[in-house]
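Scroll down for the structure; my scribbles are underneath it.
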Amino acid sequence: MPALAGADELSGIGEMEAGVSGSFAQMVADNEFAASILRLRKGFEVNDDSLAVELFNPVMDGSHNFLGQKHTMKYLKSGEVLMTKLAERGTWESWEKDGRPDLASRAQAEAEKILREHQVAPLEENQERELDKILSAAEEEMRKK
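If you count the sequence shown from 1, position 142 lands on 142 in our numbering, and the numbers rise without skipping.
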């Protein structure tokens with residue numbers, strides 16, 4: 001709710017037990033939740049085109065489906081729909097065949113993939129020097145206390 005009221009800072013990503021511990025899987029899930037919140041914060045245009053009421057009857061009577069409509073593709077391609085990594089996008093049968101994974105198990109798998117595959121670009125020399133200066137200054141400040 002704070003984000004919808006204009007707050008632009010999110011904290012606690014990955015935290016568990018009121019910040020006592022953390023979880024990489026929780027970070028992945030929180031990242032998706034934050035993306036959804038930020039997408040909602042952009043708002044939605046509501047007009048005759050976005051509502052497309054005329055498409056409902058043919059879909060509801062079974063003669064058409066939403067994915068076969070140019071209107072649906074237009075809004076999917078425009079970024080109107082947030083395509084998250086953790087949501088189930090397959091059929092019920094494929095979900096059952098895959099062991100019925102829930103959000104937590106998908107987040108765990110994604111966290112493991114990131115930890116296994118992500119490559120961090122090395123810092124440039126001037127960045128390393130600047131960090132060394134900051135650390136030295138912080139260490140000096142801590143010694144004074």
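From the three backbone atoms N, C-alpha and C, an ideal C-beta is built for every residue, glycine too.
Spatial neighbours of residue i in its chain, beta-carbon cut-off 8 Å, leaving aside the 5 residues before and after
| i | result |
| --- | --- |
| Thr-84 | Glu-32, Ala-35 and Ser-36 |
| Gly-22 | Gly-14, Glu-15 and Met-16 |
Contact set for residue i: own chain, Cβ-Cβ below 7 Å, skip 5 residues either direction
| i | result |
| --- | --- |
| Gln-69 | Leu-55 |
Collapsed DSSP secondary structure at residue i in the structure displayed
| i | result |
| --- | --- |
| Gly-16 | Contrary to the premise, residue 16 reads as Met rather than Gly in this sequence. Three-state DSSP puts Met-16 in a strand. |
| Ser-78 | coil |
| Ser-50 | helix |
| Ser-11 | coil |
Span of the alpha helix (DSSP H) around residue i
| i | result |
| --- | --- |
| Ser-63 | Note, Ser-63: premise wrong, no alpha helix (DSSP H); not H, not E. |
| Gln-26 | 24-42 |
**Request:** Examine the Cβ distances between the stretch 54-67 and the stretch 96-103 and report whether three or more of them are shorter than 8 Å.
**Result:** A contact between stretches requires three or more CB pairs, one per stretch, nearer than 8 Å, and the stretch 54-67 fails this requirement with the stretch 96-103.
**Request:** Spell out a yes or no on whether the stretch 119-129 and the stretch 44-53 are touching, meaning 3 or more CB-CB pairs, one atom from each, closer than 8 Å.
**Result:** Contact fails: fewer than three Cβ-Cβ distances are below 8 Å.
**Prompt:** What residue ranges within the stretch 92-125 form continuous alpha helix (DSSP H) runs of no fewer than 4 residues, ordered along the chain?
**Reply:** Given a length threshold of 4 residues, each whole run of the alpha helix (DSSP H) inside the stretch 92-125 is given here in chain order: 92-97 and 103-117.
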